[in-house]
Every structure is written in structure tokens, then in C-alpha cells.
Amino acid sequence: MSEQRSLFVRAVWFLLVGWWVTGIWLSVAWFLNVTIIGLPLGIKMINKVPLVLTLKRRDRLVTESAGGSQHSLLVRAIWFVFVGWWASGVWTGVAYALSLTIVGLPLAIWMYNRLPFVVSLYQY
1 MSEQRSLFVR
11 AVWFLLVGWW
21 VTGIWLSVAW
31 FLNVTIIGLP
41 LGIKMINKVP
51 LVLTLKRRDR
61 LVTESAGGSQ
71 HSLLVRAIWF
81 VFVGWWASGV
91 WTGVAYALSL
101 TIVGLPLAIW
111 MYNRLPFVVS
121 LYQY
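Residue 1 is where the sequence shown starts when you use this note's numbering, and the numbers rise one by one after that.
This is the structure:
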């Protein structure tokens, strides 16, 4: 696996491309999630938001715990149907608005990293 790109390259990407491509990317991902048929692709797109916004790759560190920290698929499906689809739309809108400001950018990146949890209770 390749290493992270330099902070300079990531900053230039964000300023020239990342901020506007992320808005389109999130809109398509959210639409796919709501269609249910496109849900698998929509979730994959949500997981790639930090990469699209700032070229930041997710850490591949996986640790095992005794109790298993993920909710069951049934609980996650119920969450998505009743809360996740609309909450992720609000969460995404707020995060995108914050990402357009210098002051709000750190919070926006934190929110993007938690977007899979908001959509379906999926924990990294």
C-alpha cells in the first residue's frame, strides 16, 4: 500500500478539486443510499469521502476485541430505514458547509470520518 501524500499536495488538491468534487460525490452517494438498490455502492462512496476531499487514505489497522464492537446487521438495517438515511443527509450537509470554511475544516473532516456510523452504525 502506498504512503500518504504530502500535506502540501493534499492542500492543493483540496483547494483546486476536493471541495467541489466532494459535494458532487456526497450527493451521488446519498442518492444511491436512498434508492436501496444502490446502497452497497453508496456506502463504498461514503467510506471514500476523506480520500476525495483531501486525498487522505484511511488507516488499514484492524484490531480484534473480545465482545465485537459492531452492531448486528439487523440493528444496522433498522437504524438505516428509520434514522440513517435522513440523518446522514443532514450530517453530510453540515459537514460540507463546514468544509468550505478554514475554521470548520477540521470538524468537517471529523464528521466525514464518522459518516459511515451515522448512515448505518458501522464503526471503523
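Virtual Cβ for every residue (Gly too), placed ideally from N, Cα, C.
Small disclaimer: the values here were computed from a predicted structure and weren't measured.
S72 and Q123 have their alpha carbons spaced roughly 12 angstroms apart. In the three-state scheme derived from DSSP, where H, G and I count as helix and E and B as strand, R57 is classed as coil. Contact annotation: the segment 35–48 does not touch the segment 9–22, with fewer than three C-beta pairs closer than 8 angstroms.
Here the C-alpha atom of L26 lies approximately 21 angstroms from the C-alpha atom of V103. With at least 16 other beta carbons inside 10 angstroms of its own, A108 counts as buried.
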